[in-house]
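Everything on this sheet refers to the single structure shown next.
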Amino acid sequence: MTAEYKVHGDVAVITLMNPPVNGLGLSTRIGITDGLEKANNDSAVKAIVITGGGKAFSGGADIREFGSPKAIQEPNLLSVIRTCENSAKPVVAAIHSVAMGGGLELALGCHYRIAAPGASIALPEVKLGLIPGAGGTQRLPRVIGVEAALNMIVSGEAIKSEMLAMLPGQKLFDAMAKSAESLAEEAFALARKVAAAHADGSPLPLVRNLPCKHPQGDSYFQFARNMVKGMAKNLPAPAKCVDAVEAATKKKFEDGMVFEREIFMNLMMTPECRALRHIFMADRAASKIPDVPEDTPKREIKSIAVIGAGTMGGGISMNFLNAGIPVKMLEMKQEALDRGVATIRKNYEAQVKKGKLKQEKYDERMALLSTTLSYDDIGQADLVIEAVFEEMGVKEAVFKELDRVMKPGAILASNTSTLDVNKIASFTKRPQDVVGMHFFSPANVMKLLEVVRGAQTSKDVLATVMAIGKKIKKTSVVSGVCDGFIGNRMIEQYSRQAGFLIEEGCTPAQVDKAVEKFGFAMGPFRMGDLAGNDIGWAIRKRRYTEKPNLKYSKTADLLCEMGRYGQKTGAGWYDYQTGKRDAIPSAVVVEMIEKHRAAIGITPRKISDEEIVQRLVFSLVNEAAHILEEGIASKASDIDMVYLTGYGFPLWRGGPMIYADTLGLFNVAETMKRFAKNPHDDAQFWQPAPLLARLVAEGKTFN
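In C-alpha cells, the structure reads:
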C-alpha cells in the first residue's frame, strides 16, 4: 500500500507515500479509499486530512501505469473522488509543494482545502494531448472563476498557491498555512473546526454544488476558441479544453462530467496524444543509460572553462552563467575575447530590455564570467569545453594543452559535431576523462545536448555530464562515436534526398513548403541557407575521398561555387535583402538547377508533396534504424528527442521513430522498396535497414 493511515487524537491522516511525486497509482488509490472507510467506521475520528509525504501533495497519475490496465482499474480516480465527497466526516486536503493533474482533482473532491505557500498548482494534461479527466474542467471553474480556470487548463502551466489565494472570490483554498512546516498542525486545527461546525449533521460543502457561469457566455467562449486556434492549430486538446469548460457553465454537473470523460477518452486515441505522451516518457528515459546506474557517484562541478569565444563558445558559456556557475573563457587574442564578451553582454542586454531578465540578475551573471589568454589560468576548472574550429589538427593542439594544464579528475569535453571523439581522447593521457558535449547553435537557446560517449569515457564522467546537462536545462541524449553522431548523421541522408528531389523536378521552395506544411520548423534549403551552405560543402569534400561510392546531387556544390553560402552572403538557395531574413525564390538558382538537369540527362517530372515528405522523413527513419542496430543510440525514443529538440521535427508527431510506428513499419518498408526502384535515387540506401526489416517480420515497432 502506498498510502499511510494514522490517527492523531480525533483526526485521521491519510498520507500518500508513492515517491517521487505521490502518483495516484492503483495501490495509492486503494490506500485512500481504505483509509476513508476506516476513518468513517471509527467513532473516535471526527475529521480526515489527506496529504502527501515527501516532496509533493500529488503530481497526479502514476506515469508508470500509463496505458496499463492498472490505470483504469477500480477504484479509479473518479471513484476515489466520489468516496471523498460521500464521506460522512469532513475531508480536508492539506496541499504542499505540488498539486497537479489528478492531485489537484483529488483536492477539489475534498470538502475543504488548506495550502502551504509556494505550492505549484496545475492541470497540465493539455501537455500530454489530453484534457483533465477526473472533473478538473468542471470543478476548477467553480472555485477560481471561468476565465482563470480556462487559462490554467489551456496552458497547463503551474501557478503558485499564494497567487491563486489572491484571486477575488476564490473558493479553492479555505485557508492558507503560514508555512510548509506548520501545514500539518494548521490542517488538524481546520479539520477540528469544521468537524465541530458540522456536528449538527449539516451537509458538508461540495465543489460540485457551487454555481458556474460567465457573464458574457457565448461571446467569451468564441473569443477563447479563436485564441486557441491561433496558438495550437495542430493540437486538438486545447480547443477541447474550451468545450469542456463551456460545458461546466451550461450543463448540470453530472452531464458536464460525462462530457469531459467522453472528450478525454476520445483524445486518448488521437495520434497527437500518443505523440505527446511518448515525448513525456522519452524525455525522462533519455537520462537513463542502460549500463550506468542512477546512483553512480558524480564529480563535483563548481567551475567551467570554455576554449573559444566565438558564437559557440559564447553561447555555451551563457548556459553555465545562467545556472550560476563561474566560467573562464580562453582565446588566443585579446580582440577575440573582447568580441566574445561583447556578444554575451549584447544578448543579456536584449533580455533586460524586453523585461525577460532583471538588471541585478544580468549583473550577477556577468560577474561570474572571467577571461584569459593563457592555458595555465584554467587548470583548476572542474570541466573544460573546447569550442574551436572543426578540424582534427586544431583539436589535437587544444587537447594536448588541456592534458598538460588541467588538474587530475577534470572532465575534458569537445563540442565537435562530427569528429571522432576516440581520436580526440587519444591526444591525452587520460582518455577516461574525455567526452563529447555537442551543443546546437545558438547554444544558449537550443535545448539539445548530444553527450558523446567515447570507448574509454568513464561512467562517472558520463553521469556527471548528464547531471550538468540537466542543471543547465538541456535535453541530454547519449550517442556513441560515429561520423555525425545521431543528429548530423541522419540529417546528411535527409539533405541528400533534398538534393535528389530538385534534380528530379522540384524547386527548393516546393521542397521546403511541403516539409514545413508537414510541420518542420524549416525546410532543408532554408535550413542550409541559415547554417551556411559552405559547412555542408566542406563535409561533402571529405566524403568524396572517404566514401567515393556515396552519391550526392551536384547542385549544392554548384551553388557554393557561385559563392552563394546563404544568409551570411545575402544569397544561397534563396535571395535575401539586406537586414531581412525573408527567403525569396531565386531565378538564378532555378536556372542553375535546370542546366544541371539537362547536363545529366534528367527530364523533370511532377513530384507530389506526399513523396517529398516521405523521402525526407523515411530517410531519417532508415538511417536511425542503422544507428540503433550499431548501438550508437540505445533506444528509439532517444532519437526522437534529438529530432524534436535539435532539428525542428513537429512536436505533435512525436519524432521520426514514433511517427514511423504510427504509420506502420510494414508500410514504411514497402515505400522504401518502391523508392529503391527510382533510377535517379540511391537504390542501396533505400534497402530497409536490418533492424527495420526484422521488426517488420516480427510485427514489432521501434518504441
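Numbering (the numbering used here), first residue to last: -11 to 691.
Heads up, the beta-carbon is just placed ideally off N, CA and C, and yes, glycines get one too.
None of the values given here were measured: they were computed from a predicted structure.
Beta-ladder partner(s) of residue i, from DSSP
i: ILE399; result: LEU371
i: GLU438; result: HIS426 and VAL465
i: ARG101; result: ALA81
i: MET164; result: ALA103
i: GLY244; result: Answer is none; GLY244 lacks a bridge partner.
i: ILE277; result: VAL280
i: GLY554; result: ALA559
i: ILE2; result: TYR(-7) and ILE38
i: SER170; result: BP columns for SER170 are empty, so no partner.
i: LYS148; result: SER108
i: ILE572; result: ASP563
Limits of the unbroken beta strand (DSSP E) element including residue i
i: VAL(-5); result: -9 to -4
i: LEU639; result: Element bounds for LEU639: n/a, residue is neither H nor E.
i: SER358; result: 357 to 360
i: ILE581; result: Not the beta strand (DSSP E): ILE581 falls in the alpha helix (DSSP H), residues 575 to 587.
i: MET154; result: MET154 -> no beta strand (DSSP E), and no H or E assigned at all.
i: ALA293; result: 292 to 295
i: ALA612; result: That residue, ALA612, is in no beta strand (DSSP E); its alpha helix (DSSP H) goes 597 to 617.
i: ILE109; result: 108 to 110
Identity of the residue in the options nearest residue i by Cα
i: PRO419; options: GLU438, ASN432, THR445 and MET434; result: THR445
i: ALA163; options: PRO203, ILE119, GLN210 and ILE102; result: ILE102
i: ILE277; options: ALA671, THR689, SER625 and THR650; result: SER625
i: ALA32; options: MET5, HIS(-4), ILE2 and ARG17; result: HIS(-4)
i: VAL80; options: ALA177, GLY516 and ALA509; result: ALA177
i: GLY303; options: VAL376, VAL601, PRO281 and SER414; result: VAL376
i: ALA153; options: VAL142, ALA165 and SER143; result: ALA165
i: LEU192; options: ASN254, SER291, ALA236 and ASN74; result: ASN74
i: THR404; options: ALA671, GLU438, ASP(-2) and GLU260; result: GLU438
i: LEU680; options: PHE308, LYS411, ASP649 and TYR208; result: ASP649
i: GLY90; options: PRO105, PRO78, GLY106 and ILE60; result: ILE60
i: GLY298; options: ARG530, ARG353, GLY328 and ARG641; result: GLY328
i: THR557; options: PHE673, PRO57 and ALA519; result: ALA519
i: SER429; options: GLY634, LYS238 and PRO105; result: GLY634
i: CYS200; options: GLU135, GLU150 and GLU337; result: GLU135
i: GLU(-8); options: MET5, VAL131 and ASP(-2); result: MET5
i: ASP279; options: GLY619, ALA575 and VAL577; result: GLY619
i: PRO573; options: PRO536, ASP517, LEU546 and GLY472; result: ASP517
i: VAL601; options: GLY507, SER402 and LYS688; result: GLY507
i: MET151; options: LYS181, SER108 and GLU169; result: SER108
i: ASP570; options: GLY312, ILE479 and MET515; result: MET515
i: CYS548; options: ILE527, PRO536, LYS535 and THR533; result: ILE527
Residue i: first and last residue of the uninterrupted alpha helix (DSSP H) it sits in
i: MET300; result: 299 to 310
i: LYS26; result: 14 to 29
i: VAL134; result: 134 to 143
i: VAL453; result: 447 to 459
i: SER625; result: 624 to 634
i: LEU318; result: LEU318 -> not in any alpha helix (DSSP H); beta strand (DSSP E) instead, spanning 315 to 318.
i: PRO678; result: 678 to 686
i: ARG327; result: 322 to 341
i: ILE412; result: 409 to 414
i: ASN655; result: 653 to 664
i: GLU113; result: Taken as a continuous stretch (DSSP letters only), GLU113 belongs to no alpha helix (DSSP H), as it is neither H nor E.
i: LYS542; result: Where LYS542 is concerned, there is no enclosing alpha helix (DSSP H), given that its DSSP letter is neither H nor E.
i: GLU389; result: 380 to 393
Check: residue i C-beta below 7 Å from any heavy atom of the ligand ZN
i: ASP626; result: The ligand ZN is not among the ligands present in this structure, which contains no ligands whatsoever.
- Go through the region 464 to 529 residue by residue and report every complete run of the alpha helix (DSSP H) that reaches 4 residues or more, in order. Counting whole runs of 4 or more residues, the region 464 to 529 contains the alpha helix (DSSP H) stretches 475 to 492, 496 to 506 and 512 to 519.
- Does the region -1 to 17 come close enough to the region 28 to 46 that 3 or more CB-CB pairs lie under 8 Å? Three or more beta-carbon pairs separated by less than 8 Å link the region 28 to 46 to the region -1 to 17, which places the two stretches in contact.
- Query: Are there three or more Cβ pairs, one per stretch, closer than 8 Å when the region 609 to 625 is compared with the region 592 to 600?
  - Reply: Judged by Cβ distances under 8 Å, the region 609 to 625 makes no contact with the region 592 to 600, as fewer than three pairs qualify.
- Message: Tell me whether the region 63 to 75 and the region 112 to 128 touch, counting them as touching only if at least three CB pairs, one residue from each stretch, are closer than 8 Å.
- Response: The region 63 to 75 is in contact with the region 112 to 128.
- What beta strand (DSSP E) runs, 3 residues minimum, are completely inside the region 32 to 94? Unbroken beta strand (DSSP E) runs of no fewer than 3 residues, entirely contained in the region 32 to 94, are found at 35 to 40, 79 to 83 and 86 to 88, following chain order.
- Contact between the region 394 to 406 and the region 363 to 373: three or more CB pairs below 8 Å? Yes: the two stretches touch, three or more of their Cβ pairs being nearer than 8 Å.
- Query: Is there contact here, the region 340 to 350 with the region 315 to 322, by at least three beta-carbon pairs under 8 Å?
  - Reply: Put simply, the region 340 to 350 does not touch the region 315 to 322. Fewer than three CB pairs are less than 8 Å apart.
- Task: Specify whether the region 460 to 469 and the region 657 to 664 touch according to this definition: at least 3 beta carbon pairs, one from each stretch, less than 8 Å apart.
- Result: Cβ pair count under 8 Å is below three, so no.
- Task: Identify every run of the alpha helix (DSSP H) within the region 200 to 246, keeping only runs that are complete inside it and at least 4 residues long; order them along the chain.
- Result: Runs found: 206 to 219 and 225 to 238.
- Between the region 111 to 123 and the region 133 to 148, are three or more C-beta pairs nearer than 8 Å? Yes, the region 111 to 123 is in contact with the region 133 to 148.
- Message: Contact between the region 614 to 625 and the region 248 to 264 is defined here as three or more beta-carbon pairs at a separation below 8 Å; is this criterion met?
- Response: Fewer than three beta-carbon pairs drawn from the region 614 to 625 and the region 248 to 264 are found closer than 8 Å, and the two stretches are therefore not classed as touching.
- Message: When you compare the region 476 to 493 with the region 541 to 552, are there three or more beta-carbon pairs, one atom per stretch, that lie closer than 8 Å?
- Response: The region 476 to 493 vs the region 541 to 552: in contact.
- Task: Tell me, please, whether the region 442 to 459 touches the region 377 to 389 by the rule of three or more beta-carbon pairs shorter than 8 Å.
- Result: Taking 8 Å as the limit for Cβ pairs, the verdict is that the region 377 to 389 does not touch the region 442 to 459.
- Query: When the Cβ atoms of the region 400 to 414 are set against those of the region 469 to 482, are three or more pairs found closer than 8 Å?
  - Reply: Taking 8 Å as the limit for Cβ pairs, the verdict is that the region 469 to 482 does touch the region 400 to 414.
- Query: With contact counted as at least three CB pairs below 8 Å, one residue from each stretch, are the region 168 to 185 and the region 245 to 260 in contact?
  - Reply: The region 168 to 185 is not in contact with the region 245 to 260.
- Item | Touch test, the region 640 to 654 against the region 493 to 504, Cβ-Cβ under 8 Å, three pairs minimum | Short answer: they don't touch.
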